[in-house]
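Here is the structure we will look at.
Numbering (this note's numbering), first residue to last: -1 to 257.
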């Protein structure tokens, strides 16, 4: 779990990923990514203790479940599932990642872990679209971590979609040793087809699997499903979770690749 000082314990008890922000990283690119983004309202009293000091809850307080299925990419095919708390830092909304599961090649998981700060715990992740519903599910260790369904989806325009940046709790390598930081992950995408469902049901959610044992759904907001081209550039910003919301971000300067 996370605490106001930015410590974040993985669902298996392990600490957050160790990231060397200055290490060279190549952008992850894909011409075909399938995305499921489910939003629910939650009780602010249950999620506020999860937030590091600089972050504030949005109104209404929300949690999102996000599945990215990369049908192909510069790292090969893989699927990544995340649970995020929607927060604000200064004027911008950002999703604090509580946990993430991964299915794909171990080398791709290591790249996402060491450069983008995703925990990438092993899991079985499913994303299925039927004509009358969209389903997403995550299983880990033989147990269901998440199962959601959005019924009666209807088409929406690509311009109706926005994706906020994520914040991954990490241990950043600095000149003073490893330090707790929040690593901002941005996405660039071009949507080709999208749909939305407001008939949302969270059929299963194991909060402990996502470092959030007390989270309960208050209200289902919506499920978005879309196909897109996506690019994940190397992270550019770090935040110190012990500082206030008025802090400036630390801009990352990366080493050039070794010839």
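In this text, a Cβ means the ideal position worked out from N, Cα and C, and glycines have one as well.
Can you round the beta-carbon distance between residue 100 and residue 119 to whole angstroms, since I take them to be within the 8 Å contact cut? 7 Å
Work out the CA separation of residue 19 and residue 173 for me, nearest whole Å. Those two C-alpha atoms are separated by around 11 Å.
Could you check where the beta strand (DSSP E) with residue 114 kicks off and where it finishes? Per DSSP, residue 114 lies in no beta strand (DSSP E); the unbroken alpha helix (DSSP H) holding it starts and ends at 104 to 114.
Please confirm if the segment 198 to 208 is in contact with the segment 157 to 177, defined as three or more CB-CB distances below 8 Å between the two stretches. no
Less than 8 Å between the CB atoms is what I'm expecting for residue 57 and residue 94, so what's the real figure, rounded? Wrong, their Cβ atoms sit about 16 Å apart, outside the cutoff.
Nearest to residue 35 by CA position, among 114, 60 and 180, is which residue? When 114, 60 and 180 are compared, the shortest CA-CA separation from residue 35 is found for 60.
Can at least three beta-carbon pairs, one atom from the segment 180 to 194 and one from the segment 148 to 155, be found at a separation below 8 Å? Yes: at least three Cβ pairs fall under 8 Å.
Check residue 121 in the structure and name its three-state DSSP category. coil
Given 8 Å as the limit, is there contact between the segment 211 to 220 and the segment 36 to 45, that is, 3 or more CB pairs closer than that? yes
Neighbourhood of residue 14 by C-beta distance below 6 Å, restricted to the same chain and skipping five residues each side: 6, 167, 168 and 169
Can you tell me the Cα-Cα spacing of residue 180 and residue 83, whole angstroms? 14 Å
Alpha carbon to alpha carbon, how far is residue 63 from residue 53? 19 Å
Proximal residues to residue 85 (C-beta, below 8 Å), its chain only, five neighbours per side dropped: 49, 53, 54, 55, 56, 91, 92, 93, 94 and 165
So, with DSSP's three-state summary, where would you put residue 241? coil
Using only the alpha-carbon positions, how far apart do residue 23 and residue 251 sit? 11 Å
According to the Cβ coordinates, are residue 97 and residue 208 closer than 8 Å? yes
In its own chain, which residues sit with a C-beta less than 8 Å from the C-beta of residue 190, not counting the 5 before and 5 after it? The answer, listed in chain order, is 156, 224, 225, 226 and 227.
Counting only the same chain and skipping the five closest in sequence on each side, list residues whose C-beta sits under 8 Å from that of residue 231. 25, 184 and 186
Between which two residues does the beta strand (DSSP E) holding residue 219 run? 215 to 230
Alpha-carbon spacing of residue 31 relative to residue 148, whole angstroms: 19 Å
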